[in-house]
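A.B. asks: Be aware that the sequence shown starts at 1, since it is given in the numbering used here, and climbs by one per residue. Just so it is clear, CB atoms sit at the ideal spot from N, CA and C, and this is done for glycine as well.
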Amino acid sequence: MSRFVGDVGAGKTTFSRGVVQSLLDDFSVRVTSPTYLLSNHYEGENGVHVHHFDLYRLSGRKDLSTLDIPGIFPKTISLIEWPDRLGEHCPQRYIDLRIAIEPDDHRTVSISLIGPDWNHRLDDFRWLESEELSSSDEN
């Protein structure tokens, strides 16, 4: 699960759009804000399932229960805007992405890996590091 934190207008939905389109390997997919629907589900031809939640309008635990979050999190990739409303439903391991609006209207993005077992997941991406080094050595 990825938690997207930032003020209104910071770019959480825009960032989510890029993530969804990349995961589905389809940049023609129309990714919209789930503010009024609370959740949008995307399924790619590549078999990837992504749920994009916007919990801004939730008013309490009852609203959250209608989303079946405990049933969705283990099965799909989930992107959550306004994750502070998850309460006890927040998993132990997640990606925390924070977007800050700077005075010059630029954005600063910080990403943290929260919880146990990230090392073995990151091992799958070590080849990127070595490939990047070998590419820069050739130049």
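Is it buried or exposed, Ile111, if we count other Cβ atoms within 10 angstroms and call 16 or more buried?
C.D. replies: Exposed, since its Cβ has fewer than 16 Cβ neighbours within 10 Å.
A.B. asks: How is Val5 classed by DSSP in three states: helix, strand or coil?
C.D. replies: Note: Val5 maps to strand in three-state DSSP.
A.B. asks: How many angstroms separate the CA atom of Arg85 from the CA atom of Asn46?
C.D. replies: About 31 Å.
A.B. asks: For Arg107, which three-state DSSP category applies?
C.D. replies: Reduced to three states, the DSSP call for Arg107 is strand.
A.B. asks: Output the distance between the C-alpha atoms of Gly6 and Glu43, rounded to the nearest integer angstrom.
C.D. replies: So the alpha carbons of these two residues sit roughly 26 Å apart.
A.B. asks: So, with DSSP's three-state summary, where would you put Arg57?
C.D. replies: If DSSP states are grouped into helix, strand and coil, Arg57 belongs with coil.
A.B. asks: Given a threshold of 16 other Cβ atoms within 10 Å of its Cβ, counted over all protein chains shown, does Arg17 qualify as buried or as exposed?
C.D. replies: Result: buried.
A.B. asks: Thinking just about the alpha-carbon of each residue, which of Val29, Val31, Leu38, Leu23 is nearest to the one in Trp82?
C.D. replies: Answer by Cα proximity: Leu38.
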